[in-house]
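Working notes, beginning with the structure itself.
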Amino acid sequence: MCGFVGLYLNNNYNIEVRKLVSILNNMTNTLAHRGPDHKDIYVNEKEKLAFGFQRLSIIDLKSSANQPMISKNKDWVIIFNGEIYNYKKLKEKLKRKKNYWRSNSDSEVALECISKYGFYNAIKKLNGMFAIAAYCISKKTLWLARDRFGEKPLYYNYDTTYGFSFASELRAFSYFPNFKKEICQNALSQYLRYGYVPEPLSIFKKTYKLEPGYVIKFDKKNQILKKDYWDSIKSFVNAKKNKFKGTFEDAKEKVKSHIDDSIRNRLVSDVPLGIFLSGGIDSSNLVLSLFRQNITANTFSIGFHNQNNNEIDYANKVAKILKTKHSYKYVNKRDCIENIQSVVNAYDEPFSDPSQIPTYMLCKFAKKKITVAISGEGADELFGGYPRYKNIAFFWNKIKKQPKVFSELMEAFSESFSSSKYSYMRSIGKKFRKYSHTNLDSLYNDEMSRWRPDEKIMIERSLKGSYFEKKLKNLNNKVSDPIYLMMRDVITYLPSNLLVKTDRASMYNSLEIRSPYLDNDLVNLVWSFPENFILYKNEKIILREILKEKLGSNFVNRKKQGFEPPLYDWLRGALNQWAKDLLLKDHIFFDSSDIKKLILRFEKGEKKLTYKIWTIIMFMAWQNKFCRH
């Protein structure tokens, strides 16, 4: 696990080696939190190529596993962030003598796979989470790749004057020559809608995220080739063609077996390891898997004194029944005040999922005892865990039966009511808008939005529509509406929100997160199931039935709570002054009078404004931190 940066400068850009090394060191130092155990650089002076690497030592702690790493044939240089869970099998297939290997690391296996098979073909063989940069010395070609689901981040920038640069986090580019912190209006618009900036956009112009499942090839002719090595939608469709033939009980046993395998692969570590235990279905199943394998787990939970936002009692129950070594902590308003600036610092791009606060504090708490944590990300998107999939699909089924003129009428009414100064009129306008949609994507976009396009928030600018539909065109009319929405989340909400949340919160605390539900084989298995194995009666029916065997019906059939902090109470109490100081500053993107009206409505008790306000607050906090210079 690590953070890395890289530069591949244009031949006509004159720069002294000393200056190049200085730039590289400054960029690399910004990522020290991602890898505090070792730092190193690689410089190819002739080709003006440079790699910087910060290592968090996880597998093979010896210096022989440090990076940047050069292949045995001296033709490839690699920097690698992540874990390859099938590296032992790949190592066997390479059929090298025992004394061939300088380390026991998965990084070296990835490097030698690239050396043998070529970059593109090698990447397709990896089962893991990763961002990789590799340079072929003989062909003078730079390659980048990102894992299938986007667990590990990778940003890149191309400047025609200077050349190509890339980094694990956006903050590193601040030290690249002529890098301009110009806000991308489209990215800001998407952020205000969803609370995050979706791939391939970044908040800054001309800087992008590499999408999950993609590679980039760059050479000195300034040719950039970007293509996928794995497509989630195509893979999903292919899995459906190879439909699972067994019964529901067969499927349940297969899932148990695959979870056990996935967990076992993710236990490989030379440093202390534990599991985040929320007390919900997803994390409890991971702990149960270890219990089935007679492995004693170290578990960690965080909770709130507000019972409406607290699952810690359930977590404690699971820990007791499944005999874990359990640690837990209650978060109070003092914790919130003390950690809020660190939360802002951890997310070097605007991000406003409120659960980022407890996620950050959980990572900080767990880091005192462990360096690797297992978490349950991906289960909801894989097993249909959100009630919204069925609820929104049901509502859409009602809308689409109406004549087109009905939708047009609803849209007109919505526009009229939404601009009212009265809250009850705006509320009616929102209901009208729900009936105005002409496709499922449009409806889902609004349901997932913080700020809708019809709401005035930005100065003289309207928010852009959805950025996602084009990614889903290959799925149209091939699956039911709820399944369609699940897959939409797989390629949008999961990589751009959930995995960003855990990566930044964990790595800012030098903690690695592993997600067993995103295992290649497990995903392919679940995607092959008939729909009624996924969306039947309760959400996540298979995971519930597995858990029921040990924890009982009362435990598994309770309502989903999520990992939400008491944000409304915090913004009106512990964080009130901090929030106001940010909101009341003059701002080029937002009208100060609109902001003041928003604050007034919130303080009068409009609780539904909480997420809207939080979205603006976190943008302003981010800008105050990262755009001052």
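Residue numbers for the sequence shown follow the working numbering, beginning at 6 and rising by one.
For every residue, glycine included, the Cβ atom is placed at its ideal position computed from N, Cα and C.
What would DSSP say about residue 524, mapped onto helix, strand or coil? coil
**Asked** According to DSSP, which residues form a beta bridge with residue 233?
**Response** 219
Going by beta carbon distance, what residues of the same chain come within less than 8 Å of residue 80, once the five residues before and after it are set aside?
The residues 120, 141, 142 and 143, in chain order, have a CB closer than 8 Å to that of residue 80 in the same chain once the five nearest residues on each side in sequence are set aside.
| query | What is the DSSP secondary structure of residue 306, reduced to helix, strand or coil? | reply | strand
Coil, strand or helix - residue 536 by DSSP:
helix
### Query
Anyone know if the C-beta pair for residue 247 and residue 533 falls short of 8 Å?
yes
Point to revise | Member of 53, 8 and 45 whose CA lies at the smallest distance from the CA of residue 19 | key: 53
| message | Starting from residue 59, trace the beta strand (DSSP E) in both directions and tell me its first and last residue. | response | Where residue 59 is concerned, the enclosing beta strand (DSSP E) stretches over 54-60.
Item to check | Close beta carbons around residue 253, own chain, < 7 Å, minus the five adjacent residues each side | outcome: 538
Query raised in the report: Do residue 107 and residue 76 have their CB atoms nearer than 8 Å?
Result: no
- Assign residue 169 to one of three DSSP states: helix, strand, or coil. strand
(request) From the DSSP output, in three-state form, read off residue 372 for me. (result) helix
_Is the beta carbon of residue 588 closer than 8 Å to that of residue 625?_
With contacts defined as CB atoms closer than 8 Å, residue 625 and residue 588 qualify as a contacting pair.
*Pair within 8 Å by beta-carbon distance, residue 83 and residue 74*: yes
Open item on the list: Under 8 Å: do the segment 144-162 and the segment 201-218 share three or more Cβ pairs, one atom per stretch?
Closed with: yes
Notebook entry, point to check: How is residue 38 classed by DSSP in three states: helix, strand or coil?
Noted result: helix
Worksheet item: Hey, is the segment 545-562 in contact with the segment 287-300, meaning 3+ C-beta pairs nearer than 8 Å?
Response: yes
Quiz item: In three-state DSSP terms, what is residue 389?
Solution: coil
Margin query: For residue 180 and residue 44, I'd like the C-alpha separation in whole angstroms.
Written below: 17 Å
message = Which of the three DSSP states is assigned to residue 414 in this structure?
response = helix
* Asked: Mind checking residue 610: buried by the 16 CB within 10 Å criterion, or exposed?
  -> exposed
Q | Proximity below 8 Å, CB of residue 11 to CB of residue 39 | A | no
Margin query: Looking only at its chain, what residues have a beta carbon closer than 7 Å to the beta carbon of residue 357, apart from the 5 residues adjacent to it on each side?
Written below: Leaving aside the five residues that flank residue 357 on each side, the residues in its chain whose CB is nearer than 7 Å to its CB run, in chain order, 200, 619, 620 and 623.
*Can residue 5 and residue 224 be called in contact, C-beta distance under 8 Å?*
In this structure the chain extends from 6 to 634, so residue 5 is not present and cannot be described.
*Is residue 81 helix, strand or coil by DSSP?*
strand
#### Entry: Nearest residue (CA-CA) to residue 563, options 603, 402, 392 and 448
392
- prompt: Cα-Cα, which of 364, 233, 439 and 372 is closest to residue 399?
  reply: Checking every option, the nearest Cα to that of residue 399 belongs to 439.
Quick one: is residue 632 buried, meaning 16 or more other Cβ sit within 10 Å of its Cβ, or exposed?
A residue is called buried once 16 or more other Cβ atoms fall within 10 Å of its Cβ, and residue 632, having fewer, is exposed.
Problem - Same chain, Cβ closer than 6 Å to residue 182, neighbours up to 5 away in sequence not counted - result: Taking residue 182 as the centre and dropping the five residues before and after it, the same chain places the C-beta of 167 closer than 6 Å to its C-beta, in chain order.
Exercise for review: Could you spell out the range, first to last residue, of the alpha helix (DSSP H) harbouring residue 192?
Suggested key: Counting along the chain, the alpha helix (DSSP H) containing residue 192 begins and ends at 190-199.
**Asked** According to DSSP, is residue 440 helix, strand or coil?
**Response** coil
Sequence-distant residues of its chain with Cβ nearer than 7 Å to residue 283 (five each side left out): 306, 316, 320 and 568
Practice prompt. Look up residue 212 in the DSSP assignment and give the residues it is bridged to.
Written response: Looking at the DSSP assignment, residue 212 forms a beta bridge with 162.
Residue ranges of each beta strand (DSSP E) within the segment 95-172, 3 or longer: Listed in chain order, they are 133-141, 146-151, 160-164 and 168-172.
- Task: Counting only the same chain and skipping the five closest in sequence on each side, list residues whose C-beta sits under 6 Å from that of residue 529.
- Result: 244
Apply the 10 Å Cβ neighbour rule to residue 300 and answer buried if 16 or more other Cβ atoms are within range, or exposed otherwise. exposed
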